[in-house]
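This report concerns only the one structure given below.
There are 2 protein chains.
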Amino acid sequence: METTNIPGYAYGQVNRSPVTLAELELLKQTVLFSAADVAALAQAGQVLAPQTDAILDVWYGFVGAHPYLLRYFSLHGQPDGAYLARVRARFGQWIIDLCTKPYDQAWLDYQHEIGLRHTTAKKNLTDGAQAEPLIHLRYLTTFIVPLTATIKPFLQNGGSSTDEVEAMHAAWFKAVTLTATLWSYPYVKEGQF
Amino acid sequence: METTNIPGYAYGQVNRSPVTLAELELLKQTVLFSAADVAALAQAGQVLAPQTDAILDVWYGFVGAHPYLLRYFSLHGQPDGAYLARVRARFGQWIIDLCTKPYDQAWLDYQHEIGLRHTTAKKNLTDGAQAEPLIHLRYLTTFIVPLTATIKPFLQNGGSSTDEVEAMHAAWFKAVTLTATLWSYPYVKEGQF
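Sequence order for the protein chains is B and U. Be aware that the first sequence starts at 400, since it is given in the numbering used here, and climbs by one per residue. Be aware that the second sequence starts at 400, since it is given in the numbering used here, and climbs by one per residue.
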């Protein structure tokens with residue numbers, strides 16, 4: 400995928416995260432993240448990359464079927480189609496990045512940027528969107544479940560063994576939880592993250 | 400389990416949650432929670448109840464093996480044994496309640512109380528503990544993974560079929576994510592939960 404052509408995708412060009420690499424290391428330990436997960440995610444990246452559009456169809460179908468979710472892409476009940484399309488391209492890149500990027504300073508910084516783009520600090524700005532000014536935190540956390548549950552059939556499409564699918568799925572769950580946690584930073588009262 | 404003998408366990412006797420039942424219903428939809436999950440959790444409750452102590456041994460072993468987690472039960476590096484013991488009894492009851500209680504107003508209210516007891520608002524008060532005044536939110540969210548991953552062997556101990564174990568595990572994951580979400584409320588800036 401040619402990442403530089405994705406509007407608003409600014410990986411490697413954003414401000415530093417307030418979370419340190421040392422703190423990230425402890426979060427990785429807490430979600431039981433190991434070298435085996437890095438390898439399983441690399442394999443998942445290969446399996447998922449050609450299916451990105453189909454995955455996004457499922458996720459956008461889920462959002463579109465639930466007005467209380469679609470509202471975050473809407474203003475006064477009117478969805479912003481251009482906004483939905485621009486976010487979709489970055490969401491697809493997020494799948495690949497989650498599986499293949501090293502979880503280093505640049506990755507950490509970009510997780511914070513993604514978090515900010517869900518809040519009043521930066522939502523809609525990147526895309527000039529006409530939409531609600533904030534996605535409530537409760538949906539970032541609860542989305543861990545649909546993002547984890549719906550990925551399994553796609554992991555099973557790659558011709559991998561059952562054990563490999565289980566390993567990829569477990570690693571994906573850890574990675575999604577890690578990012579949802581990092582994305583929550585801008586929502587939290589000072590000193591309580 | 401005789402719940403009334405658990406120190407600090409105040410189910411049904413706490414203040415009203417700021418989250419409404421209508422909002423809870425949308426969170427349940429977001430984690431794909433269905434009537435089948437209620438049934439699977441009821442079965443899980445029967446499987447897990449006699450294993451509560453063994454489960455808590457695993458979870459306390461995890462916390463005890465990580466100084467950055469044990470510190471939340473400690474002050475100036477000194478763990479508070481009485482606090483650890485009192486929390487353990489309630490944590491065991493939480494396993495049972497998560498599986499067997501209806502997710503009604505009383506349940507919703509108690510999730511908020513549990514959230515508050517992780518923050519400066521109420522931490523240590525219930526138990527007269529000598530410990531850090533706050534558990535950082537990032538560990539509530541990341542704990543979704545170890546609480547979900549470590550429960551599976553215990554679900555497998557009940558003589559249930561593979562499909563039943565998968566259903567119980569999926570329902571447990573949804574329930575844990577739902578509670579972690581509700582527990583985050585007191586940490587979040589006004590209007591952003």
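By construction, the Cβ of each residue, glycine as well, lies at the ideal position given by its N, Cα and C atoms. Keep in mind it's a predicted model, so treat the numbers as computed, not measured.
Cross-chain neighbours of B:R537 in chain U, by beta carbon under 7 Å: Translated into the one-based positions of the first sequence, residue 537 of chain B becomes position 138. Within 7 Å Cβ-Cβ: L426, T580, F592.
Option in U:V544, U:T578, U:V457, U:Y586 with minimal Cα separation from U:D503: Along the second sequence, read from residue 1 onward, the residue named residue 503 of chain U stands at position 104. If we check each option's Cα against that of U:D503, U:T578 comes out closest.
Heavy atom of the ligand ADP within 6 Å of U:P478 beta-carbon: Annotation note on the ligand ADP: not contained in the displayed structure, which lists no ligands.
Short CB-CB distance (under 7 Å) between B:Y467 and chain U: Residue 467 of chain B sits at position 68 when you count from the first residue of the first sequence. At least one chain U Cβ lies under 7 Å of B:Y467.
Residues near U:V413 in its chain [Cβ-Cβ closer than 7 Å; skip 5 each side]: Walking along the second sequence from the start, residue 413 of chain U turns up at place 14. Taken in chain order, the residues that qualify are D508, Y509, E512.
Enclosing alpha helix (DSSP H) for B:T561 [first to last residue]: Stepping through the first sequence from its first residue, residue 561 of chain B is reached at position 162. Here the alpha helix (DSSP H) through B:T561 covers 561-582.
Among U:H568, U:A505, U:P545, nearest to U:A409 - alpha-carbon criterion: As a working mapping, residue 409 of chain U is identified with position 10 in the second sequence. Checked all of U:H568, U:A505, U:P545; the closest Cα to U:A409 is U:A505.
Between the CA atoms of B:A439 and B:E401 - distance to the nearest angstrom: Here the question's residue 401 of chain B lines up with position 2 in the first sequence. Here the question's residue 439 of chain B lines up with position 40 in the first sequence. Note on B:E401: pLDDT 45, under 50, position unreliable in the model; no value is reported.
Continuous alpha helix (DSSP H) stretch holding B:F461: start and end: Residue numbering aside, residue 461 of chain B sits at position 62 when the first sequence is read from its first letter. That run of the alpha helix (DSSP H) goes 451-463.
Other residues of its chain near U:W458: CB distance less than 8 Å, five sequence neighbours each side excluded: Residue numbering aside, residue 458 of chain U sits at position 59 when the second sequence is read from its first letter. Apart from sequence neighbours up to five positions away, the residues of its chain that approach U:W458 with a beta-carbon distance below 8 Å are F490, P545, L546, T549, ordered along the chain.
Straight-line Cα distance separating U:E589 from U:V418: In the second sequence, the residue the question calls residue 418 of chain U occupies position 19. In the second sequence, the residue the question calls residue 589 of chain U occupies position 190. Rounded to whole angstroms, U:V418 to U:E589 spans 13 Å at the Cα level.
Inter-residue Cα distance where the pair is U:L539 and U:I495: The residue given as residue 539 of chain U occupies position 140 in the second sequence. The residue given as residue 495 of chain U occupies position 96 in the second sequence. Each residue's Cα considered, the two are about 19 Å apart.
Touch test, the segment 428-446 of chain B against the segment 569-588 of chain B, Cβ-Cβ under 8 Å, three pairs minimum: yes
U:E531, enclosing alpha helix (DSSP H) - first and last residue: Mapped onto the second sequence, residue 531 of chain U falls at position 132. Here U:E531 belongs to no alpha helix (DSSP H), and DSSP marks it neither H nor E.
C-beta contact flag for U:A528 and U:Y584 at 7 Å: In the second sequence, residue 528 of chain U corresponds to position 129, counting from 1. In the second sequence, residue 584 of chain U corresponds to position 185, counting from 1. No, these two residues do not count as a Cβ contact at 7 Å.
Contact between the segment 520-537 of chain B and the segment 422-438 of chain B (3+ Cβ pairs under 8 Å): Because the criterion of three Cβ pairs below 8 Å is not met, the segment 520-537 of chain B and the segment 422-438 of chain B do not touch.
Span separating the alpha-carbon of B:L425 from that of B:N556: Within the first sequence, residue 425 of chain B is the residue found at index 26, counting from 1. Within the first sequence, residue 556 of chain B is the residue found at index 157, counting from 1. The straight-line gap from Cα to Cα measures roughly 33 Å.
Per-residue contacts from U:Y586 into chain B (C-beta, under 7 Å): Your numbering for residue 586 of chain U matches position 187 in the second sequence. Those within 7 Å of U:Y586 in chain B are V587, K588, Q591.
Residues that DSSP places opposite U:P478 in a beta bridge: Translated into the one-based positions of the second sequence, residue 478 of chain U becomes position 79. U:P478 pairs with U:S473.
N- and C-terminal bounds of the alpha helix (DSSP H) containing U:P552: Position 153 of the second sequence, counting from 1, holds the residue named residue 552 of chain U. Note, U:P552: alpha helix (DSSP H), 551-554.
B:V587 - DSSP class collapsed to helix/strand/coil: If you number the first sequence from 1, residue 587 of chain B lands on position 188. Looking at B:V587 - three-state DSSP - the assignment turns out to be strand.
Cutoff 6 Å; reference B:V564; Cβ partners in own chain excluding five residues on either side: Reading the first sequence from its first residue, position 165 is the one you call residue 564 of chain B. Cβ within range, chain order: L554, Q555.
CB contact check: U:T419 to chain B, cutoff 7 Å: Reading the second sequence from its first residue, position 20 is the one you call residue 419 of chain U. No, U:T419 does not count as interfacial toward chain B.
Pair within 7 Å by beta-carbon distance, U:Q591 and B:L536: One-based indexing of the second sequence puts residue 591 of chain U at position 192. One-based indexing of the first sequence puts residue 536 of chain B at position 137. Yes, they are a contact pair.
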